[in-house]
Amino acid sequence: MSGTILDTLKVSRREKANDAAALLFPADSKSSGLKRLDIAISSPASGALSGAPQEPKEPAEYEQYREASIALGAGAEAAVLVRFVAAGAASQDRAADEPARMQDARLARAENPETPGSLRLTTSLHIRLAAHARLNLYVLSNLPASFSREALSHAALSEGAVLTWTNVVFDEGNGLYTTRIELEGEGSELDFAGAYGARCTTEGEHALSIHHTAPHSKSRTILKSALKDSAHLAFRGLIHVENTARGTDAYLANRNLVLEDGARAESFPQLKIETDEVACSHGATTGGPRQEELFYLMSRGLDRAAAKNMLVLGHLGSVLNRLPPDLAEEMEDIAASALGLNAQGSCI
1 MSGTILDTLK VSRREKANDA AALLFPADSK SSGLKRLDIA ISSPASGALS GAPQEPKEPA
61 EYEQYREASI ALGAGAEAAV LVRFVAAGAA SQDRAADEPA RMQDARLARA ENPETPGSLR
121 LTTSLHIRLA AHARLNLYVL SNLPASFSRE ALSHAALSEG AVLTWTNVVF DEGNGLYTTR
181 IELEGEGSEL DFAGAYGARC TTEGEHALSI HHTAPHSKSR TILKSALKDS AHLAFRGLIH
241 VENTARGTDA YLANRNLVLE DGARAESFPQ LKIETDEVAC SHGATTGGPR QEELFYLMSR
301 GLDRAAAKNM LVLGHLGSVL NRLPPDLAEE MEDIAASALG LNAQGSCI
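Under the UniProt record's numbering, the final residue of the sequence shown carries the number 348; numbering is consecutive throughout.
Here it is, written out as structure tokens:
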């Protein structure tokens, strides 16, 4: 991948560790290539990944707080990748060994049943775009089940600023993900797409609010998920248009693919409109793979598991294809592994 690893944050094993990183792009700068920020976090599972012996740790010792911020000056343009990974998985050759790495982590958790959820992690991401700045942002996360996570994200857009945000989360542990995006400047624009997956007994809640306070701002938001086993995801989406935001154009959609009867997806899209002369709408769908699609793929020589795998990746593909090609391919592999689509065994 082109670009530079600007910073790698590694959490030390101390209670409530706090580290932060910041990227600042000066006014009128035009950043070349993809700037990369890897946030690597130590955990009980990280030693298992490296084969190092583990010592019992108290859960409080793994209470961690991680913070990152991105700011663009007026007229600046940049593309940034922010990635949350378990320590030891942040190397450039991560894509090649990802499936085996994740399998090893699951085996380690099977041998140490008290490990899952022992790390309580809070992450915070702040984004500020000055007038007419343009940011193409990719945020990826595939943390193991040893993490219980709360993720807080906030973005503010000034006049004429454009934020294109692709958010992909395949964390295996429980999580609460809260994102608030404020379109504060006239003519500001947001294009947000999220892809999420969950399996086994993972529980997650994704709460997204788009706040329009300036006239003639625009937002397009699409959230897609795939669930299997007994996973449960809840989506809460809000478009709030204040009385100062006439001429707003906003759309919010949530599409959930439930692969098995035990999985559950809940969707709560809302509109709060305080002015006339706006075009705002939302929609949500939840359903399983269509049997006729499965039959068609199986009639072309695929077994049922491979056919279902293709449908899942097709469902998430409109989001994953927004990533650079090498990242898109890697995240497809991670999606298949995180959802257990490449494995025949039960949850561990």
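Beta carbons: idealized from backbone N, C-alpha and C, even for Gly.
Taking the straight line between their C-alpha atoms, what separation do you get for residue i and residue j?
i       : j       : result
Ser-219 : Thr-244 : 16 angstroms
Asn-321 : Leu-119 : 32 angstroms
Pro-324 : Leu-316 : 15 angstroms
Gly-301 : Gly-197 : 27 angstroms
Ala-305 : Ser-141 : 25 angstroms
Leu-183 : Leu-152 : 18 angstroms
Leu-129 : Leu-190 : 11 angstroms
Met-311 : Gln-270 : Just to set this straight, residue 311 is Leu in the shown sequence, not Met. One C-alpha to the other measures close to 28 angstroms.
Ser-299 : Ala-214 : 53 angstroms
Thr-286 : Ala-40  : 34 angstroms
Thr-202 : Glu-172 : 6 angstroms
Leu-163 : Ala-336 : 28 angstroms
Would residue i pass as a contact of residue j if the rule is Cβ separation under 8 angstroms?
i       : j       : result
Arg-246 : Thr-275 : yes
Leu-72  : Leu-135 : yes
Ala-226 : Cys-200 : no
Gly-187 : His-216 : yes
Ser-148 : Asn-167 : no
Ala-86  : Leu-143 : yes
In the DSSP assignment, find the alpha helix (DSSP H) that holds residue i and state where it starts and stops.
i       : result
Leu-313 : 304-320
Ala-336 : 325-338
By the DSSP assignment, the beta strand (DSSP E) with residue i in it spans what residues?
i       : result
Glu-205 : 203-212
Phe-295 : Taken as a continuous stretch (DSSP letters only), Phe-295 belongs to no beta strand (DSSP E), being part of the alpha helix (DSSP H) at 291-299.
Ser-219 : 218-227
Arg-128 : 119-129
Asp-28  : Counting along the chain, Asp-28 falls outside any beta strand (DSSP E), and DSSP gives it neither H nor E.
His-154 : 147-157
Gly-237 : 232-241
Gly-287 : 279-287
Ser-141 : 134-141
Ser-267 : 264-273
Phe-192 : 189-198
Ala-86  : 77-86
Thr-179 : 175-183
Within its chain, find whatever has a CB closer than 7 angstroms to the CB of residue i; leave out the 5 residues flanking it on each side and keep chain order.
i       : result
Ala-131 : Ala-74, Ser-158, Glu-159, Gly-160, Ala-161 and Gly-185
Pro-26  : Gly-73 and Ala-76
Gly-262 : Asp-229 and Ser-230
Quick check on residue i: buried or exposed, where buried means 16 or more other Cβ atoms within 10 Å of its Cβ?
i       : result
Gln-64  : buried
Ala-193 : buried
Phe-295 : exposed
Lys-224 : buried
Arg-290 : exposed
Ala-279 : exposed
Pro-116 : Confidence at Pro-116 is low in this model, with a pLDDT of 45, below 50, so its placement is unreliable and no value can be given for it.
Ala-155 : buried
Ala-20  : exposed
Gly-314 : exposed
Gly-283 : exposed
Lys-308 : buried
Glu-330 : buried
Glu-292 : exposed
Phe-268 : exposed
Ser-146 : buried
Beta-carbon within less than 6 angstroms of residue i's beta-carbon, same chain only, minus the 5 sequence neighbours each way: which residues are those?
i       : result
Glu-77  : Lys-30 and Arg-134
Leu-176 : Glu-150 and Glu-205
Asn-256 : Ser-225, Ala-265 and Thr-286
Between residue i and the rest of its own chain, which residues show a CB-CB distance below 8 angstroms, the 5 nearest in sequence each way excluded?
i      : result
Val-80 : Leu-23, Leu-34, Lys-35, Arg-36, Leu-37, Ile-70, Leu-135, Asn-136, Leu-137 and Tyr-138
Quick one: does the C-beta of residue i sit closer than 7 angstroms to a heavy atom of the ligand MG?
i       : result
Ala-207 : The ligand MG is not among the ligands present in this structure, which contains no ligands whatsoever.
When you compare the CB of residue i with every CB in chain B, is at least one pair closer than 8 angstroms?
i       : result
Ser-153 : Here chain B cannot be found, since the structure has a single protein chain.
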